[in-house]
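Asker:
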Amino acid sequence: MSKSKFKLYLFIVLFSSLLIGCSSGIENLTVAKKKVQNYYESGMYNTDVKKVIQNAEKKIEKLKLPSNPTVVFDVDATVLSGYEYAKELGFGYSWNSWNKWVMQSKAGAIKPVEKFYEYLVGRHIKIVFLTGRTKEQCSATRLNLVKAGYKKFDTLICRNINELKISTFKFKQNHRKLLTEKGFNIIACVGDQETDIEGKYTGIKIKIPNYLYILN
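What the sequence shown shows, in the numbering used here, is residues 38 to 253, in sequence order.
(1) On the three-state DSSP scale, how would you describe F190?
(2) Leaving out the 5 sequence neighbours to the left and right, which residues in its chain are closer than 6 Å to L249 when beta-carbon positions are compared?
(3) Mind reading off the beta-carbon distance from D111 to L167? Whole number of angstroms is fine, and I expect it under 8 Å.
(4) Closest by CA to L182, which one among A146, N133, I245?
(5) Cβ of V150 within 8 Å of Cβ of D191?
(6) For the pair the segment 75-95 and the segment 203-217, tell me if three or more CB-CB distances fall below 8 Å.
(7) Mapping DSSP to helix, strand and coil, what is R196?
(8) Provide the residue span of the alpha helix (DSSP H) that contains A114, from first to last.
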């Protein structure tokens, strides 16, 4: 996540159309946070992710795989969970605390996505991780991926210093284009943000639910 591009919106914003209790339609922030916590800790989140993954596997099963088939994954809230970090901050965010947490390489795998990754590796499909994390965070990210169980992958792409000011959409599409030009046939893209999967060179678009934040 780049410092300049990260904006955090609480669950209250995402579900404003459903909120009740006062004339403005805004729910108490403490109540909204508890709903987020319950969603992630009750099993509802894992159930929703499993449904997405099951649908994705069905679509991939129907494909006639090209040479050099590749799936591009985002990292945060896609393959690695940042829920514990968000919870520790009361579902808030600061660049310094986030960077410190990233450098500890302790994020756990999102289990249904990890199983999907294993399914792809078993079919000899190449794996590319394309993240908005910075080059300074890249080594810690690589270590975290391996520790979390993502041991086999072709490459990990992080933002260079000259890419920090471009939009997430443009950054990711640019690199998917470069991958395609190098001979990677992208059959699917997996991400928790629309900017991870929109645009060209995506193949099947696989959207992982995220009710913690939105990236612009």
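C-beta: ideal position from N, C-alpha, C; glycine also. None of the values given here were measured: they were computed from a predicted structure.
Answerer: Well, looking at it:
(1) coil
(2) A123
(3) With 8 Å as the limit, D111 and L167 qualify as a contact, their Cβ atoms being about 7 Å apart.
(4) A146
(5) no
(6) no
(7) strand
(8) Note, A114: premise wrong, no alpha helix (DSSP H); not H, not E.
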